[in-house]
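First residue of the sequence shown? That's 1 in full-length UniProt numbering, and the numbers climb one at a time after it.
Built from N, CA and C at the ideal position, the CB exists for glycine as well.
None of these values were measured; they are calculated from a predicted model.
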Amino acid sequence: MSIRQQTDAFDQAPSTAGCRVPYRVFTDRQYYDREQENIFKGNCWSFVGLEAEVPQAGDFKSTFVGETPVILTRDSDGSLHVVVNRCAHRGALVCREMRGNRASLECVYHQWAYDLKGDLIGVPFRRGLKGQGGMPGDFDMSQHNLRQLRTETVGGLVFASFSETVESCRDFLGPIVVEQIERIMCKPITVLGDQRQRIRGNWKLYAENTRDPYHASLLHLFHNTFGLYRSTQTGEALMDANKRHSLLYSIAASNDDAADKQAYGDSRTFDTEFKLQDMSLLKGRQEFADNVTLVILAVYPNLVLQQIQNTLAVRQTVTYGPDEFELVWTHFGYQDDDAEMQAIRLKQANLIGPAGLISMEDGEAVEIVQDAIVGEASATSYIAMGGGRAEDADHLVTEGAIIGFWDNYREMVGFDLEPA
């Protein structure tokens with residue numbers, strides 16, 4: 001049975017509302033390999049960095065699209081380029097540093113050199129030495145450039161695509177996502193720093209997590225206890241027209257401790273008697289006119305743009321196999337932040353990242369799922385909270401955006417109901 005037939009069989013299978021995902025899509029190498037070709041090298045735009053990370057001519061950043069190493073560069077004319085970080089000669093990494101500034105890119109192995117667009121500009125001993133050796137007479141330097149990806153920016157975020165046929169990045173993102181990017185990236189930013197986290201699990205488990213408002217006040221003790229996020233708050237879970245991207249937002253000012261206590265009962269995640277020794281961590285400023293205090297914008301396939309109180313960051317997913325991925329968290333503020341706001345952002349950075357008072361549980365949640373499903377050939381998850389369909393919700397007790405993710409995954413990669 002073909003992958004397309006398998007997907008059709010899934011779609012046509014009689015069932016009640018809800019989505020069942022076979023656990024083998026998180027562990028089987030064949031799915032991972034298809035993801036690299038059909039998603040990361042397919043008709044998608046992947047996040048690769050912030051314009052502010054390469055502000056000057058000659059700046060570069062090494063990163064990844066899926067598992068493929070790439071380089072983001074800013075050329076002398078100010079233009080941005082993304083090229084595959086693999087020498088056209090013998091396949092070595094051209095750029096081994098994480099970031100820096102240089103006039104050209106040079107492979108250390110044989111010193112083949114490329115300009116910042118990725119065009120080959122130098123080959124040592126190309127014409128040989130003392131009349132001996134050298135490249136063939138018909139060697140054409142223009143045929144040996146670095147692989148150049150389509151590159152577009154939206155609100156200071158840089159995206160790249162291997163595809164020549166995918167729609168423009170703005171069209172791929174859709175109005176809801178573009179609006180939210182421009183809401184947060186509303187003025188020039190300053191990069192504050194990075195955090196990196198290796199997680200022993202499948203990247204799609206994290207894609208589910210960031211589309212899941214249901215877990216946020218149950219898993220995260222800090223969120224609920226101090227009222228940063230509760231499922232009782234005013235908020236919504238929305239998707240773009242294709243249901244590939246997700247916007248979750250909430251307003252902390254809508255908290256009602258007495259009513260919330262009744263809603264959560266004796267849940268371990270609701271303890272209003274718990275106190276911080278330094279309450280300044282929770283003291284911030286209202287920055288946005290809409291009073292929204294939490295935004296999690298999950299952009300298919302590899303980006304989260306977040307606002308949690310006054311901490312702003314992008315999270316990039318880098319895949320290393322079916323059972324390992326890396327999260328790269330890049331924190332930023334605005335160039336016009338005063339000293340007090342910069343201090344607030346730096347202190348609130350403790351909320352997220354590998355040891356974040358909120359985010360540390362998400363990596364653990366991914367790993368305990370991965371540990372439990374290894375070797376499972378036929379069992380599935382069951383995703384149905386909020387009605388069991390890929391639908392927007394004007395509340396925060398839903399898994400609809402997760403189902404939207406899987407609808408897109410089935411379309412691009414496919415999976416069957418029964419083990420192959």
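Applying the 10 Å Cβ sphere with the 16-neighbour rule, what's the burial state of asparagine 101?
Asparagine 101 should be labelled exposed.
Could you check which residue in Gly58, Gly42 and Leu228 has the C-alpha nearest to that of threonine 269?
It is Leu228.
As an exercise, report each continuous beta strand (DSSP E) stretch of at least 3 residues that is fully enclosed by the stretch 66-146, in chain order.
Listed in chain order, the complete beta strand (DSSP E) runs (minimum 3 residues) inside the stretch 66-146 are 68-74, 80-84, 99-101 and 120-122.
For asparagine 291, count neighbouring C-beta atoms within 10 Å of its own C-beta (all shown protein chains included) and say buried if the count is 16 or more, exposed if not.
It is exposed - the Cβ of asparagine 291 has fewer than 16 other Cβ atoms within 10 Å.
Excluding five sequence neighbours on each side, which residues of the same chain lie with their C-beta closer than 6 Å to the C-beta of valine 94?
Answer for valine 94: Asn85, Cys87, Leu105 and Cys107, listed in chain order.
If you measure between the beta carbons of glutamine 306 and threonine 293, is that distance less than 7 Å?
No, the Cβ-Cβ distance between glutamine 306 and threonine 293 is not below 7 Å.
Cutting at 7 Å between CB atoms, please list the residues of its own chain near glycine 284, excluding the five before and the five after it.
Taken in chain order, the residues that qualify are Gln309, Asn310, Ile344 and Gln348.
Determine the burial state of leucine 205: buried for a count of at least 16 other Cβ atoms within 10 Å of its Cβ, exposed for fewer.
Leucine 205 is buried by the Cβ-count criterion.
Identify, in the order they occur along the chain, each residue of the same chain with its Cβ nearer than 7 Å to the Cβ of alanine 365, setting aside the five sequence neighbours on each side.
The residues are Asn209 and Leu219.
Could you tell me which residues DSSP pairs with threonine 234 in its beta bridges?
Threonine 234 pairs with Ile251.
Take every Cβ of the stretch 331-339, pair it with every Cβ of the stretch 295-306, and state whether three or more of those distances are shorter than 8 Å.
Cβ pair count under 8 Å is below three, so no.
Taking just the CA atoms, how far does threonine 165 sit from arginine 150?
Each residue's alpha carbon lies about 10 Å from the other.
At a cut of 8 Å, does the stretch 18-25 reach the stretch 376-383 through at least three beta carbon pairs?
Judged by Cβ distances under 8 Å, the stretch 18-25 makes contact with the stretch 376-383, as three or more pairs qualify.
Opposite threonine 311 in the DSSP bridges: which residues?
DSSP lists Ile308 as partners of threonine 311.
Quick check on this structure: which residue in Ile189, Ala339, Asp75 and Pro136 has the alpha carbon closest to the alpha carbon of leucine 312?
For leucine 312, the nearest C-alpha among the options comes from Ile189.
Please state the DSSP three-state secondary structure of histidine 245.
Coil, per DSSP.
Give the straight-line distance between the Cα atoms of methionine 239 and aspartate 28, rounded to the nearest whole angstrom.
Computed Cα separation, rounded: 28 Å.
List in chain order: all unbroken alpha helix (DSSP H) runs of 4+ residues lying wholly within the stretch 335-415.
For the stretch 335-415, whole alpha helix (DSSP H) runs of length 4 or above, ordered along the chain, are 339-348, 360-373 and 400-412.
Kindly indicate which three-state DSSP category glutamate 182 falls into: helix, strand or coil?
It is helical.
What does valine 158 pair with, by DSSP beta-bridge criteria?
BP columns for valine 158 point to Gly49 and Thr153.
If we call anything under 7 Å between Cβ atoms a contact, is phenylalanine 363 one with isoleucine 199?
The sequence given here places glycine at residue 363; phenylalanine does not occur at that position. Going by C-beta atoms, glycine 363 is nearer than 7 Å to isoleucine 199.
Classify valine 177 as buried or exposed, calling it buried when 16 or more other Cβ atoms lie within 10 Å of its own Cβ.
It counts as buried.
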